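What follows is one structure encoded as structure tokens, with my remarks underneath.
Numbering (full-length UniProt numbering), first residue to last: 1 to 388.
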């Protein structure tokens, strides 16, 4: 890892630091994570790309941090700003002299020069934020700024490598899922055949066959989930079957009869419609309810209302809630909250990832927050159907 970090191209005078696997790696023996602002490290650790000016041994520096995919690390670069600071000081003197004779001209010149000097940093910050939000196609355009070329090239190269890795992982998951479908079909057929003669089996053998069927069914759902989550977004959009759906009715049908007592439909939401794929929206509701049962100590409330031109579906549970730092990460594939045991409920870690994928394909959003009753609350927002 240190050799890889040193091999990365970077501007002269800059320092690279990598936090991965609970260890820090740096390109300088004289510089370590203690030189990074604590607030910057906290923001990046929370999954947010950020930048912050700081002083190291009296020298002005700019620290930029970007979280790694998967939430298990972060990459930082620290740039020396002595030259930029001297330029600003010279510019301030020039502006002061010019302002004595021509105040309006001096103010305009100062504003223009400042914006021009900071333009590369704004471009870097905007692109890093886009990558942190999941837009792996975002790139920095260095333009004709020689000071930005090396940094932009390094950033773009690393982002492209990350994009290729994500695509490769998706292809691998799809390939494995396809290969598993044939033996899975054979196993299902064999278990069905044995279950057809269940009455002739000893009690222990019959119970074992029933348990095997439950696990094979769960395995089948996992394979289907892997196939769905590994499809490119373009393929997912092509498979959408949009129609007018009333979320209040769909949510009621999706809940088991014994759970419908927790459903509350706000005034004005009974007949509100959205353009949605009925199958996908039903899956969203089922996954959120199952998540509440498996990880949230049980479902407490399901609410359908209308707000700000959107139909909202809110699902609350009685669990400990989701820490703020994990409210984005839990929607990643195979992610679990830190408070969730690895074996909790036999969960595959794909449920919430599929919820976000389905909702975003239908033009909506899903977020995690706190429930007023305690516990977590997941909110799905879908645009109201516009009547002609």
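We put the CB at the ideal spot given by N, CA and C, even for glycine.
Note that the structure is a prediction, hence the values are computed from the model and not measured.
With contacts defined as CB atoms closer than 8 Å, residue 313 and residue 251 qualify as a contacting pair. Contact check for residue 289 and residue 263: beta-carbon distance about 11 Å, past the 8 Å limit, so the pair fails to qualify.
DSSP links residue 313 through a beta bridge to 304, 380. In the pairwise beta carbon analysis, the region 180-188 is classified as not touching the region 157-169: fewer than three pairs are separated by under 8 Å. For residue 253, the uninterrupted alpha helix (DSSP H) segment begins and ends at 247-254. Burial check for residue 28: the Cβ neighbour count within 10 Å stays below 16, so the residue is exposed.
For residue 67, the pairing in a beta bridge is given by DSSP as 74. Sorting 242, 303, 211, 279 by C-alpha distance to the C-alpha of residue 269 places 303 at the top. A direct Cα-Cα distance of roughly 19 Å separates residue 59 from residue 65.
Boundaries for residue 322: no beta strand (DSSP E) harbours it, and the DSSP string shows neither H nor E there. At a Cβ-Cβ threshold of 8 Å, residue 15 and residue 78 count as neighbours. If you look at residue 15, you'll find it in the beta strand (DSSP E) that goes 15-20. In the three-state reduction of the DSSP assignment, residue 264 falls in the strand class. Straight across, the Cα-Cα distance linking residue 228 with residue 222 is about 10 Å. In this structure, the straight-line span from the alpha carbon of residue 299 to that of residue 308 is close to 26 Å.
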